[in-house]
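Heads up: the structure comes next, in structure tokens.
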Amino acid sequence: MPVNKDLEPIQLPMDLKFDQKPSTRFLNNLDALKIELIDAPTSKQARDVAWHYVKATWADRPEEINTAEVTSNAKSKNLLDVLQFRALPTPMECLGFTFRLSGLSFQEVTHIIRHRAGSFAAQCTGDRDLRNDDAVIPESVENSPDFLARYKKIVEESKQLYADMNDSKVVSMMDSRMILPKAMTSFYYMRLNLKDLIGFVRQRQDRQIQPAADNILAAKMAIAACKAIPELTQVFNFDVPDIHYIKTFRVKEDGKWTSRGTNLYWPEEKNDTFDFHPNDTIYQCRREELNGTHGKGKKIFTTMWESLMSEFKSLKTDYENKFGVNK
Numbered sequence: 018m019p020v021n022k023d024l025e026p027i028q029l030p031m032d033l034k035f036d037q038k039p040s041t042r043f044l045n046n047l048d049a050l051k052i053e054l055i056d057a058p059t060s061k062q063a064r065d066v067a068w069h070y071v072k073a074t075w076a077d078r079p080e081e082i083n084t085a086e087v088t089s090n091a092k093s094k095n096l097l098d099v100l101q102f103r104a105l106p107t108p109m110e111c112l113g114f115t116f117r118l119s120g121l122s123f124q125e126v127t128h129i130i131r132h133r134a135g136s137f138a139a140q141c142t143g144d145r146d147l148r149n150d151d152a153v154i155p156e157s158v159e160n161s162p163d164f165l166a167r168y169k170k171i172v173e174e175s176k177q178l179y180a181d182m183n184d185s186k187v188v189s190m191m192d193s194r195m196i197l198p199k200a201m202t203s204f205y206y207m208r209l210n211l212k213d214l215i216g217f218v219r220q221r222q223d224r225q226i227q228p229a230a231d232n233i234l235a236a237k238m239a240i241a242a243c244k245a246i247p248e249l250t251q252v253f254n255f256d257v258p259d260i261h262y263i264k265t266f267r268v269k270e271d272g273k274w275t276s277r278g279t280n281l282y283w284p285e286e287k288n289d290t291f292d293f294h295p296n297d298t299i300y301q302c303r304r305e306e307l308n309g310t311h312g313k314g315k316k317i318f319t320t321m322w323e324s325l326m327s328e329f330k331s332l333k334t335d336y337e338n339k340f341g342v343n344k
């Protein structure tokens with residue numbers, strides 16, 4: 018069909034920013050992370066679903082399964098049996114959680130979407146102009162003045178080139194976005210059933226192999242889920258040793274010692290269960306000791322992690338006191 022200039026142009030869904038000067042807000046990569054649980058089952062719904070699924074096995078008639086006649090304590094205990102694999106685990110697949118995760122660098126994005134069991138909706142980069150998007154900086158870079166200046170300069174120059182290419186209208190946004198660094202932020206929606214949410218948290222809470230941002234992401238998602246379903250405080254355990262790291266750190270192969278994992282740092286205290294040579298790792302220290310050229314005192318991660326663990330333990334204690342768990 019021919020071009021018809023008599024038609025009224027459509028209203029595009031995105032804001033066109035041609036010829037606007039790029040602007041960048043630089044944020045600490047951990048402070049920037051925001052985790053919102055925007056849809057989840059209530060504790061009552063979770064307990065009722067678990068009761069129906071578990072009790073259906075032995076019922077003679079469907080009407081026998083009447084949750085209205087069951088105490089909250091009994092339903093909570095039954096849900097705990099499901100979560101701890103003492104009963105049919107299928108109910109976990111019936112309970113869905115939708116998170117909005119923002120302040121993500123493109124590095125976190127790659128880790129999130131590797132979890133193939135999730136369903137995702139992404140902030141677009143193909144036909145949305147990114148010239149004013151935020152960028153994040155790790156603390157060790159923030160604490161290194163020379164590196165920080167160069168870091169910001171490269172981000173700003175890459176965004177200026179991106180904008181210049183867009184404004185030329187001879188290079189599409191699809192192509193010009195290739196120059197932008199991983200430090201640029203994005204947000205994603207992530208939908209998981211409860212079984213896969215537990216698996217995601219357990220994988221990403223590993224402080225030996227996973228980046229600090231992933232650790233914070235996992236802890237915040239777990240806490241949000243625990244607020245919706247308190248029984249989950251009995252499932253998540255952030256003090257457990259990182260078994261994959263321990264098992265793959267030193268492996269004997271053809272008479273020689275090698276690694277089958279990610280040996281970045283010396284073992285954390287909870288993982289320090291084996292003998293190792295200081296040069297078995299890329300860095301001859303623990304992760305929290307790497308803090309830039311001028312870093313002093315506790316890292317942002319350490320302070321944030323301690324606060325999150327305190328919140329988690331408080332939720333765990335509240336549930337145990339209310340339902341008499343472990344008493």
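Sequential numbering of the sequence shown, starting at 18, is according to our numbering.
By construction, the Cβ of each residue, glycine as well, lies at the ideal position given by its N, Cα and C atoms.
With H, G and I counted as helix, E and B as strand and the rest as coil, what does DSSP make of residue i?
i: Asn46; result: coil
i: Leu121; result: strand
i: Thr275; result: strand
i: Lys38; result: coil
i: Glu270; result: strand
i: Glu238; result: The amino acid occupying residue 238 in the given sequence is Met; Glu does not appear at that position. DSSP places Met238 in helix when its eight states are reduced to three.
i: His311; result: coil
i: Met321; result: helix
i: Glu174; result: helix
i: Leu100; result: helix
i: Gln225; result: coil
i: Ala230; result: helix
i: Pro108; result: helix
From this set, the options, which residue's C-alpha is nearest residue i's C-alpha?
i: Glu159; options: Pro39, Glu323, Asp48, Leu197; result: Asp48
i: Gly120; options: Met201, Thr41, Gln37, Gln227; result: Met201
i: Asp297; options: Lys51, Tyr336, Pro284; result: Pro284
i: Gly143; options: Ser331, Asp192, Leu325; result: Asp192
i: Glu53; options: Lys237, Asp32, Leu96, Asn210; result: Lys237
i: Thr127; options: Met207, Phe102, Phe164; result: Met207
i: Val252; options: Lys61, Leu96, Leu24; result: Leu96
i: Glu156; options: Phe164, Asp150, Asn149; result: Phe164
i: Gln222; options: Ile240, Asp150, Ala85; result: Ile240
i: Asp345; options: Ser189, Pro19, Trp322; result: Because the chain in this structure spans residues 18 to 344, residue 345 falls outside the shown range and cannot be described.
i: Asn288; options: Phe266, Ser331, Phe43; result: Phe266
i: Thr320; options: Phe340, Asn21, Ala229; result: Ala229
i: Ile263; options: Trp274, Arg167, Thr74, Thr290; result: Thr290
i: Phe43; options: Asp56, Val66, Ile246, Ile154; result: Ile154
i: Gln220; options: His132, Pro162, Glu286; result: His132
i: Ala235; options: Leu50, Ala104, Leu197, Pro162; result: Leu50
i: Glu286; options: Ser276, Cys302, Trp274, Thr279; result: Cys302
i: Val66; options: Phe102, Leu178, Leu112, Asp151; result: Leu112
Quick check on the burial criterion: 16 or more other C-beta atoms within 10 angstroms. Buried or exposed for residue i?
i: Phe329; result: buried
i: Glu248; result: buried
i: Gly135; result: buried
i: Asn338; result: exposed
i: Ile260; result: exposed
i: Leu29; result: exposed
i: Tyr300; result: exposed
i: Phe217; result: buried
i: Val187; result: exposed
i: Asp21; result: One point to set straight first is that residue 21 is Asn, not Asp, in the sequence displayed. Exposed, because fewer than 16 other Cβ atoms sit within 10 Å of the Cβ of Asn21.
i: Ser203; result: buried
Determine which residues share a DSSP beta bridge with residue i and list them.
i: Ala139; result: Tyr205
i: Ile52; result: Leu118
i: Gly113; result: Asn210
i: Val153; result: Leu44
With respect to 6 Å, is the separation between the Cβ of residue i and the closest non-hydrogen atom of the ligand GTP below this value?
i: Leu197; result: In the structure shown, the ligand GTP is absent, as is every other ligand, since no ligand is present at all.
Cβ contact check for the region 64-78 and the region 173-186: 3 or more pairs under 8 Å: Taking 8 Å as the limit for Cβ pairs, the verdict is that the region 173-186 does not touch the region 64-78.
message: Any contact between the region 107-126 and the region 78-85? By contact I mean 3 or more CB pairs, one from each, below 8 Å.
response: no
- request: Report yes or no: do three or more beta-carbon pairs, one from the region 243-258 and one from the region 270-277, lie closer than 8 Å?
  value: no
query: Just checking, does the region 31-40 make contact with the region 179-194 on the three C-beta pairs under 8 Å criterion?
result: yes
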